[in-house]
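Trainee: Those letters in the sequence shown? Residues -22 to -1, 1 to 81, by mature numbering (1 follows the signal peptide of the UniProt record, and there is no 0). One structure is given below, represented as structure tokens, and several questions about it will come after.
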Amino acid sequence: MSKWLMLLAFCVFGLMCSPAMAQGPGTAGVVAQTSIAGFAAVGAGLALIGAGLGIGKIGAAACESMARQPEVAGSVQTAMIIAAALIEGAAFFALIVCLINGG
């Protein structure tokens, strides 16, 4: 598995370097600003995807636990809402950081 990961990293690095070597000296600043904005958008997307997956897992686990023990549904729901709010807060913070750094 490690060999495939190294090969993938080498290929990605090679694909990222070839456009940088092919550009003229006058366009370096424009390309750098464009790629920074693109990477900021990718970072924001990854942060929000991670938050969505986390909230989905919390919801699934809460529904399963409430189905198994209906008498504790109120406390499970409260804990689920608090955990989801914390995850959304972290995702919102990551989104703001990515957008500020990209702009």
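Glycine included, C-beta positions come from ideal geometry on N, C-alpha and C. Everything numeric in this text was worked out from a predicted model, so none of it was measured.
Counting Cβ pairs, one atom from each stretch, are 3 or more of them under 8 Å apart for the region 16 to 27 and the region 38 to 45?
Mentor: no
Trainee: Helix, strand or coil for Q47 per DSSP?
Mentor: Your numbering for residue 47 matches position 69 in the sequence shown. DSSP, read as helix, strand or coil, puts Q47 in coil.
Trainee: Compare the C-alpha of G28 against each of T56, M58, A72 and E49 and name the closest.
Mentor: Against the sequence shown, residue 28 aligns to sequence position 50. Here the closest residue by C-alpha is A72.
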